[in-house]
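Shown next, in structure tokens, is the structure this report addresses.
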Amino acid sequence: RVTHEQPPLLPWVHEAGAPGIGERLARFLQTTAERVVGHVAAFYLPYADEAIGLYPGIRIVCLKRPREEIVAAFWRFFDTRSARVS
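Here our numbering runs 91 ahead of the position in the sequence shown, where the first position is 1.
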């Protein structure tokens with residue numbers, strides 16, 4: 092079972108004392124009987140080292156895309172969101 096950008100989203104900058112990757116991964120493991128679970132989200136990147144430290148058996152799949160493609164996708168995403176909010 093793999094999910095995509097399920098809330099709550101983790102902040103890019105982790106604040107000391109705030110819930111983080113440990114709590115999120117524990118919740119995933121506690122709420123499913125599946126043998127393999129996954130979650131797709133860019134916001135995990137700053138938490139990768141911590142996740143590996145907490146769960147040494149974790150597998151992290153990273154995709155490399157051209158920088159221009161990523162920037163354009165973010166611009167489209169935020170432009171669409173701002174249009175809905177306005």
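Note that CB positions come from ideal geometry on N, CA and C, so glycine has one too. Remember, predicted model here, so these are calculated numbers, not experimental data.
Cut-off 6 Å between Cβ atoms - residues of its own chain near residue i, not counting five sequence neighbours on either side
i, result
"Val-128", "Arg-92 and Phe-119"
"Gly-111", "His-105"
Helix, strand or coil at residue i according to DSSP, with G and I counted as helix
i, result
"Val-162", "helix"
Cutoff 7 Å; reference residue i; Cβ partners in own chain excluding five residues on either side
i, result
"Ala-214", "The shown model of the chain, from 92 to 177, leaves out residue 214, and the question about it has no answer."
Own chain, CB closer than 8 Å to residue i, minus 5 neighbours either side, in chain order
i, result
"Val-104", "Pro-137"
Residue i classed as buried or exposed, judged by whether at least 16 other C-beta atoms fall within 10 angstroms
i, result
"Leu-154", "exposed"
"Arg-156", "exposed"
"Arg-115", "buried"
C-beta contact flag for residue i and residue j at 9 Å
i, j, result
"Ala-124", "Gln-97", "no"
"Gly-72", "Leu-145", "Since the first residue of the chain shown is 92 and the last is 177, residue 72 is not available in this structure."
Query raised in the report: Taking the runs of the beta strand (DSSP E) that are 3 residues or longer, which of them lie wholly in the segment 116-144?
Result: If we require 3 residues or more, the beta strand (DSSP E) runs fully inside the segment 116-144 come out as 129-131.
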